[in-house]
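Chemist:
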Amino acid sequence: MPRRELAWPRGLEGRLCFGGDYNPEQWPERVWVEDVMLMRDAGVNLVTVGVFSWSRLEPREGEFDFEWLDKVLDMLASAGVKANLATPTASPPPWFSFAHPDALPVTREGVRHVHGSRDTFCPSAPAYRQAAVRIASELGRRYADHPALAMWHVHNEYGTWCFCDHVAAAFSSWLQRRYGTLDRLNEAWTTSFWSQSYGDWSHILPPRSTQYVPNPSQLLDFRRFLSDELLARFIEQRDVLRELTPDVPITTNYVLGAWAPANLWAWSQEVDLVSVDHYPGDARPLVTEQETAFVADLARGLGGGRPWLLMEQAPHHITARGYSLPKEPGRMTRLSLSHVARGSRGVMFFQWRASRGGAEQHHSAMVPHAGPASRAFKEVAALGAVLGKIAEADAGTVEAHVALVWDPESWWALRQPGMPAPDLDYDAVARAVHAALWRAGATADIVHPRADLTSYRLVLVPPLYVAADDALANLASYVDRGGVLAAWYLSGSVDLENRIRPGGYAGGLRELLGVRVEEIHPLPGDATVTLTTGETGHRWSELVRAESARVVSKYAAGVLAGQPAITANARGAGSAWYVSTQLDEGGLDRLVRRLVAESGGEPSSSPGLELVRRRSVGADWLFALNHTDADWSVAASGTDLIGGGRVEGLLRVAPGSFGVVREG
Amino acid sequence: MPRRELAWPRGLEGRLCFGGDYNPEQWPERVWVEDVMLMRDAGVNLVTVGVFSWSRLEPREGEFDFEWLDKVLDMLASAGVKANLATPTASPPPWFSFAHPDALPVTREGVRHVHGSRDTFCPSAPAYRQAAVRIASELGRRYADHPALAMWHVHNEYGTWCFCDHVAAAFSSWLQRRYGTLDRLNEAWTTSFWSQSYGDWSHILPPRSTQYVPNPSQLLDFRRFLSDELLARFIEQRDVLRELTPDVPITTNYVLGAWAPANLWAWSQEVDLVSVDHYPGDARPLVTEQETAFVADLARGLGGGRPWLLMEQAPHHITARGYSLPKEPGRMTRLSLSHVARGSRGVMFFQWRASRGGAEQHHSAMVPHAGPASRAFKEVAALGAVLGKIAEADAGTVEAHVALVWDPESWWALRQPGMPAPDLDYDAVARAVHAALWRAGATADIVHPRADLTSYRLVLVPPLYVAADDALANLASYVDRGGVLAAWYLSGSVDLENRIRPGGYAGGLRELLGVRVEEIHPLPGDATVTLTTGETGHRWSELVRAESARVVSKYAAGVLAGQPAITANARGAGSAWYVSTQLDEGGLDRLVRRLVAESGGEPSSSPGLELVRRRSVGADWLFALNHTDADWSVAASGTDLIGGGRVEGLLRVAPGSFGVVREG
Amino acid sequence: MPRRELAWPRGLEGRLCFGGDYNPEQWPERVWVEDVMLMRDAGVNLVTVGVFSWSRLEPREGEFDFEWLDKVLDMLASAGVKANLATPTASPPPWFSFAHPDALPVTREGVRHVHGSRDTFCPSAPAYRQAAVRIASELGRRYADHPALAMWHVHNEYGTWCFCDHVAAAFSSWLQRRYGTLDRLNEAWTTSFWSQSYGDWSHILPPRSTQYVPNPSQLLDFRRFLSDELLARFIEQRDVLRELTPDVPITTNYVLGAWAPANLWAWSQEVDLVSVDHYPGDARPLVTEQETAFVADLARGLGGGRPWLLMEQAPHHITARGYSLPKEPGRMTRLSLSHVARGSRGVMFFQWRASRGGAEQHHSAMVPHAGPASRAFKEVAALGAVLGKIAEADAGTVEAHVALVWDPESWWALRQPGMPAPDLDYDAVARAVHAALWRAGATADIVHPRADLTSYRLVLVPPLYVAADDALANLASYVDRGGVLAAWYLSGSVDLENRIRPGGYAGGLRELLGVRVEEIHPLPGDATVTLTTGETGHRWSELVRAESARVVSKYAAGVLAGQPAITANARGAGSAWYVSTQLDEGGLDRLVRRLVAESGGEPSSSPGLELVRRRSVGADWLFALNHTDADWSVAASGTDLIGGGRVEGLLRVAPGSFGVVREG
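Structure below.
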């Protein structure tokens, strides 16, 4: 269980964190001196230390060398910079591979990876578990009372896959705990198909290389298992550190991405402070901004609305399809402030100083290769000053009247082989819906399917393909009590075991939505379908039979001509909409603005001007970020925390600029 | 040897088979009752049972559980539904992997696949052979006299690759039988190239992962071996079942596809009834229809014109590039009737009821996820009724005056690495030529290169790259006796050992065609070349020297300008054409219509209206399938088996509709 | 050390070599007789024999059979054809795999390749080393005094990768020699990043499959090691043969390609005669011609300007993206003469007679499948005659006033993972710059970064990413003494250990170029940027700060608008230009013509007419090759070696034709 009272890095209470990963072991000590001076210039107050230092800290198994780290931490303490002290367990040293070859990770095809990169360990191997806990304990004991210590940063970006025999045994145990009996497992996995019935727990393997399409329930359960297994590794370290330093918050930085086997809802029950790494994958104007808002809202949502921390981002580049594309001047600042506006307790980067060598020598850094005499470093330092001015806004809670339901298991399941379309992308739909909300100016909370929805005017449900009965009941109950809800195609189609529910696709929501989905009609590649209300659908369409729902829009052509495309079902005090296709951006905007308006909101009329309000008992704060080339003004009165004066009625936000106002 | 007298599933004599794979073990028994009622509603009379039930039938090695299958078969027998009883050997149970790890299949790169899908066995492993024969024997003994038993369905879609040591030993033995001495093998494989001469039979391996381009003769022989090896597995089971039930026909369902290592000409000598699975890969209008006609003509050809059975098709979807695209209303019916018109003794589907879970949970089924109250199921039931009305037409032989030569070994060889173009696609050319015949209204038999061709007016030969001398002599003899033949580029280029024949490309047909092919000029990607007669060629062109042939069309541009593109050689009483490029669809249509007309046929004037005639001593039957949006009429007089009345002179076939007329 | 006095194949002094790989073991002896007659017809005087004959020469380990080769060599000697006698060590026989499984090559993922192709050996395996030296010794002893023996051809296209334990041990030893101490290695490889510090030499592995991005210094060092390791294999054989036949030159044919782990600068110190294989990958008009000039200039450069030999090319096809595209009539001849003009001591092909079977049965040959009665063979024979007429030109040295710096290590490093753009292609830029020189009519020498540059007017430096300090100093010194130099983006960015140099990108050339590169701005895919002088840049752009340089052209749009794109820095007596983007072809042409003109040259005014001059004390020779459809004339007076007459003032070169004139 997270401890809510530990959500501030110790010693930084009331301040926004600012800094990044600091790897002084890559540099001679004379550079350290310059580092500290530059950190001071830039307003850095927190750095992550030691995150990949295992081979330096334990050069031979069981032999530790902490002297250099003592020196680093002492230096930081003297300079007033706090340490987010990491356990280095994401990358075991070369000696580990030789001492424990069985603890190296093995691919689906049986290839055993060796050291030479990072993450070369099997999360289930006893030798790895022991070695990880040992180094964490050593660090905990040595630095428990160090004045620089502000937070523990366990591991780095948990997300290692392995299919070895240790994992097989752990998976089998996990399944025994989940299903109890083989009969239940065989039923859940539909092993009667293709002669896969298990008569022995030991016969169940990870989804290793097989001859043809694998079992979809096995695939989904393996991801669940792996998330739990990695989380157990976090908890092992956390418990050691908590015992040693009960007052120091403990976090681990989440990595986001379809490949990562982590159900972050479960993880967020275990960390003291949610922290996320954010590396957007698209640099187009406004697209990165929308991604940023999504990730920030997600991070806040994972912690149930509590503060969180942006632990890593690249200062100056966005890596898109392998290209390191520079952020335009001012963009890094606005993107960082978007995170803060949406609840981040600071702005952290990977990394402080650009490496000369190593795998990420071309990763951008706060101090770039060109050195501090650069436009890039100047923008970093200026951001540090801005954060100092706006820290008070952290006291406010982000205001949101809309909720977006987010479910990683549906994401995983829709990407599996054997689906009726190879490009079903839950994440893309969820982000598209969130982006439409962003363009409509509606700040959204991102919530779990079983979250309490009572406070929201509008709930949007991207394809919630996998859903437990109680999650579906939660949605129905929200509508019954007067809520407006819109669910996208395939929601409610399968149960937790990835078995199709009876009654047509979306069968689990048939009653709530008032429709029966008789057939699915995927739209391959660039194929589109037109709706009678003018929108274009792509990727997906369906033969929907309206039962109790009214038809909002119909398909206009093709074999589905005249059949419902979008429906709305009055139910209880509320209404439940169904969207059976993936709308083009304009169509999605129209639909979302209509839903926002129907649920009592007011869609934005200043596109590209991002407005987020933080509310507290004492005061409200308005963040206004102008991501466009246009001049915008926004109604606001109060204290201009950036400019320093007073705003009366209208805050002007110049192109590319931003403002933060304490209202009232 | 097949037994011609066993070509009817027992108990269904005189009726067309209708049904599909039935997997009741996936459902609780209460569903079985609904199944039987729905089967009756739909006119189902035959279901394939037990095809993937090994782990259910033999839950532990040597322990059998037949009770559930007894119950299923009894229930079917009571309901008058016959069983096509399968041996489950395509998917060994998980216990098999653990008991016999050496019997799991190994990839070219040495990866040993595990259970978790289907086909996880090595076809040469002794343990697999024993286990497969054992379960087949058990089934044979238990159900030999069961009243439901109509046919044996051995295995499912034989097509498993393996490169393990068991396979290596079997391959070496096969090569010893084929070549006798190492000297002959070294000569046949040209092992003098790249220092590959073998001095020991045990040194010959399957074409496992090697450093660079592999030996083309080894590759081709390995596919031949694998086809024979899998066929031997079929024969092992067949002989056991034949011994136990001499009066029950035995089949195995063929899978079509470039990956499948099966030379179906050889297989068709061993089954009692040819049966094929047909999953088209292209859903475009008329394209699926042309594919269907090709596959049906091929299935009929494989059995030498005997009846055959469409054992599997997807009822409601066509899977194209991973997308499950719905068949438009009526299309499933017309495609099914095309199979019947072309000789299928019925219409079978995979599968009866859509699975809730398992790898193919999204595969379409006769009873879809939406249940029987659906457009899809209604069309299935209506088809059942139609089949009841037209069964008498099965007595007729399909009328065809054209033959298309089909050779899987040329298909395989042209796809191998090291060819002068990476996209030589025998199958695509063969299907394109067949489609042009379809559009010309000329029903074709698909025949073996050594088939008796005397009854045909026209013989078309897609790139018969690999050919034995006697096959080439067979073609020449056909022309000598007055036939019209057209051969496509690269025909006759290599011998059975995949060695280039002397005398230029197409060297083995140089005399017959009257041309010498001096150079090959592949056309990469979208490159095209124009002919003087207006056609466009793509993929391929050649420097052809006309020796005795006359030039029908020349290349119009490029370095080949003025050189022959299409030639015709008068020879004996007939003529032999040569087509040195891949013509565009319009050009191919013109050529094929011309050839049809020159050989005494009359090309169709109702595009998209598929007409097939079945002839018998007593009566003829005309199938007319309108795949278009146009109204078509066709000259016919007789009894309308669908509408029930009489047709006098003209049968009107409405858009999307069909008719079957007993003529006379 | 190469022996300059051995640069003529023995017995061919004063003649140009003409012939190809001759593999008589693929044919019955009656074909040998025809071969020799045809060789005489074509003017063949040198053939490479035995290059892949190991399994024929040593059918069982330690048992040799030379009789057939005796016969072949005797026959050649009788016919006056010389032998370039190969050691067959590029392809061990099948028995080798079984006797020494540990000597088979292993992939990065651990897959052990087997025989069935070529190059199936580990270069570090003791068993391979012993077997290779043994067969080379046997050949050397047997044929040392054979009259046919003209040259030794060791191995074939050295370029085999392996990641096995033998390689691991050899790599570790190589690293110990390179770095001396682990501390130095850890420093050089920046192992402090991602916890990779080594405490034991035995823990250092080849860059095998690992979890994520590998270490860039390890990758680069591994390629260096592999080049040295393969070169050591060459030297082992060379030393044996040199001992036995001190008067016979020894070569090995280089393969060009990004995959080949050979630093040819080092190799060229060890061969007596540089020989290269040239298989262009693009058949477009003039593109192949430009590729040919590049490769020929490179081959000449590798030997420091000495003669070299084109050892292999395909006679009649260019394989582009897997398609064998025919060379248009006359093109083979012009391409061959381009090689000769640029210093090749002859024209050799792979191979003499097209194989009937084997992996390269579709590779084109001097005698094609269609036989000698073919356009293709006639062109071969005509080329043989031409070479007889122009042999005297070999006495001249190729005249070049421009040098292009070429560095394979930069090529390798820029292709590694982890770079800021995934498509950084050193080779493409180097070839584009060379092609612009070709179009400008400026013959270029290709030189090592540390070469003596004093004789050149202009030095062009494609992205010299990896560079030692002394190489950078060499460039600076050239400029200081009055040279004109232009360097492309990223030059001087990293040191020999692949660590980024301080001071911004291109930091190692900051002073010479007078610029500081503050940021990199890759241009993904088709993105472009416009320059104020009208050119278009693609792939790459940068934020360049001019320090002492003047700005030649600026970026015209985007975030870099107004910033320098091309600069020139006056320094010492010369000037140093910097090009921060990849210019379009027209833009590059303008820049290169300007640089040629500024450095005292005169750009060509006859596009597509290739002119190369060879100078000697006694005479000069002018080669003129017209690769276009236009009629060109060139100023020349002297003896027309082709036509036989005298040229006075103007040599006319018809479309597609060529001339060679002894000037004076």
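Chains as they are written, first to last, in the numbering used here: chain A, 341 to 1004; chain B, 341 to 1004; chain C, 341 to 1004. In this text, a Cβ means the ideal position worked out from N, Cα and C, and glycines have one as well.
#1: Does DSSP put Arg715(B) in a helix, in a strand, or in coil?
#2: Going by other Cβ atoms of all chains shown within 10 Å of its Cβ, with 16 needed for buried, is Glu942(B) buried or exposed?
#3: Using a C-beta cutoff of 8 Å, does Leu665(A) count as contacting chain C?
#4: Just checking: is the beta-carbon of Phe511(B) within a distance shorter than 8 Å of some beta-carbon in chain A?
#5: Quick check on Gln630(A): buried or exposed, where buried means 16 or more other Cβ atoms within 10 Å of its Cβ?
#6: Here's a check: name, in chain order, each residue in its chain whose Cβ is nearer than 7 Å to the Cβ of Leu836(A), leaving out the five neighbours to either side.
#7: Write down the C-beta distance between Arg856(B) and Glu887(B) rounded to the nearest angstrom, noting that I regard them as a contact closer than 8 Å.
#8: Of all Cβ atoms in chain B, is any one closer than 8 Å to the Cβ of Val806(A)?
#9: On the CB-based measure, 16 or more other CB atoms within 10 Å of its CB, does Ala964(C) come out buried or exposed?
#10: To the nearest angstrom, how far is it from the Cα of Ala330(A) to the Cα of Tyr663(B)?
#11: If you measure beta-carbon to beta-carbon, which residues of the segment 893-910 of chain C are closer than 8 Å to chain A?
#12: For chain C, find out if any of its Cβ atoms is closer than 8 Å to the Cβ of Glu449(B); answer yes or no.
#13: Leu900(C) to Gln653(A), Cα distance in whole Å?
#14: Can you pull the chain B residues whose beta carbon is under 8 Å from the beta carbon of Trp435(C), in chain order?
#15: Any Cβ of chain C within less than 8 Å of the Cβ of His741(A)?
#16: Contact between the segment 444-454 of chain B and the segment 495-513 of chain B: three or more CB pairs below 8 Å?
#17: Rounded to a whole number of angstroms, what is the C-alpha to C-alpha distance between Glu407(B) and Arg481(B)?
#18: Counting beta carbon pairs with one atom in the segment 940-957 of chain C and one in the segment 775-794 of chain C, are three or more of them shorter than 8 Å?
#19: Between Pro445(C) and chain B, is any beta-carbon pair separated by less than 8 Å?
#20: Report yes or no: is there a C-beta of chain A within less than 8 Å of the C-beta of Phe565(C)?
#21: Between which two residues does the alpha helix (DSSP H) carrying Gly877(C) extend?
#22: Does the beta-carbon distance from Arg815(A) to Leu800(A) come in below 8 Å?
#23: Can you list the residues of chain C that Trp840(B) reaches, using a CB-CB cut of under 7 Å?
#24: Taking Cβ positions only, does Pro399(B) come closer than 8 Å to chain A?
#25: For Pro601(C), which residues from the same chain have a beta carbon less than 6 Å from its beta carbon, with the 5 sequence-adjacent residues on both sides left out?
#26: Excluding the five sequence neighbours on either side, which residues of its own chain have a C-beta within less than 6 Å of the C-beta of Glu749(A), listed in chain order?
#27: Which of helix, strand or coil does DSSP assign to Phe533(B)?
#28: Taking the alpha-carbon positions, what's the His788(B) to Ala811(B) distance?
#29: Residues of chain C with a CB under 8 Å from the CB of Thr968(A): which are they?
Modeler: In this structure, then:
#1: As a first step, residue 715(B) is located in the second sequence; it is residue number 375 there, counting from the start. DSSP places Arg715(B) in helix when its eight states are reduced to three.
#2: Within the second sequence, the letter at position 602 stands for residue 942(B). It is exposed - the Cβ of Glu942(B) has fewer than 16 other Cβ atoms within 10 Å.
#3: The sequence position of residue 665(A) within the first sequence is 325, counting from 1. Output row for Leu665(A): interface = yes.
#4: One-based indexing of the second sequence puts residue 511(B) at position 171. Chain A, which has no Cβ nearer than 8 Å to the Cβ of Phe511(B), makes this no.
#5: The residue given as residue 630(A) occupies position 290 in the first sequence. Answer is buried; the Cβ neighbour count reaches 16.
#6: If you number the first sequence from 1, residue 836(A) lands on position 496. Val806, Ala808.
#7: Within the second sequence, numbered from 1, the residue matching residue 856(B) stands at position 516. Within the second sequence, numbered from 1, the residue matching residue 887(B) stands at position 547. In this structure Arg856(B) touches Glu887(B) by the C-beta definition: roughly 6 Å separates them, less than 8 Å.
#8: Indexing the first sequence from 1 puts residue 806(A) at position 466. Any Cβ of chain B closer than 8 Å to the Cβ of Val806(A) would place that residue at the interface, and such an atom is absent.
#9: Here residue 964(C) corresponds to residue number 624 of the third sequence, with the count starting at 1. Result: buried.
#10: Residue 330(A) cannot be examined here, being either before or after the span of chain A that is shown, 341 to 1004.
#11: Listed by position along the chain: Val899.
#12: Taking the first residue of the second sequence as 1, we reach residue 449(B) at position 109. Interface residue, yes.
#13: For this step, residue 900(C) is matched to residue 560 along the third sequence. For this step, residue 653(A) is matched to residue 313 along the first sequence. Rounded to whole angstroms, Leu900(C) to Gln653(A) spans 23 Å at the Cα level.
#14: Taking the first residue of the third sequence as 1, we reach residue 435(C) at position 95. Chain-order list of chain B residues neighbouring Trp435(C): Gly539, Asp540, His543, by C-beta distance under 8 Å.
#15: Here the question's residue 741(A) lines up with position 401 in the first sequence. Contacts with chain C at 8 Å (Cβ-Cβ) do not include His741(A).
#16: Contact holds: three or more Cβ-Cβ distances are below 8 Å.
#17: As a first step, residue 407(B) must be located in the second sequence, where it is residue number 67. As a first step, residue 481(B) must be located in the second sequence, where it is residue number 141. C-alpha separation (whole angstroms): 14 Å.
#18: Yes, they touch.
#19: Counting from 1 along the third sequence, the entry for residue 445(C) is found at position 105. Cβ-Cβ to chain B under 8 Å: yes for Pro445(C).
#20: To locate residue 565(C), count along the third sequence from 1; it is residue 225. Chain A, which has no Cβ nearer than 8 Å to the Cβ of Phe565(C), makes this no.
#21: Position 537 of the third sequence, counting from 1, holds the residue named residue 877(C). Unbroken run through Gly877(C) is the beta strand (DSSP E), 876-878; no alpha helix (DSSP H).
#22: By 1-based counting over the first sequence, the position of residue 815(A) is 475. By 1-based counting over the first sequence, the position of residue 800(A) is 460. Just to set this straight, residue 815(A) is Leu in the shown sequence, not Arg. Cβ atoms of Leu815(A) and Leu800(A): not closer than 8 Å.
#23: Within the second sequence, numbered from 1, the residue matching residue 840(B) stands at position 500. Here residue 840(B) turns out to be Ile, not Trp, going by the sequence shown. Close to Ile840(B), with beta-carbon spacing below 7 Å, are these residues of chain C in chain order: Arg696, Gln701, His709.
#24: Numbered from its first residue, the second sequence carries residue 399(B) at position 59. Yes - at least one Cβ of chain A is within 8 Å of the one on Pro399(B).
#25: For this step, residue 601(C) is matched to residue 261 along the third sequence. Around Pro601(C), the same chain offers Arg563, Leu566, Ser567 as residues with beta carbons nearer than 6 Å, after the five sequence neighbours per side are excluded.
#26: Walking along the first sequence from the start, residue 749(A) turns up at place 409. So the list reads Val806, once near-sequence residues are dropped.
#27: On the second sequence, position 193 is the one that residue 533(B) refers to. Coil, per DSSP.
#28: Along the second sequence, one-based indexing puts residue 788(B) at 448. Along the second sequence, one-based indexing puts residue 811(B) at 471. Whole-angstrom Cα-Cα distance: 9 Å.
#29: Translated into the one-based positions of the first sequence, residue 968(A) becomes position 628. In chain order: nothing, as chain C lies at least about 16 Å away.
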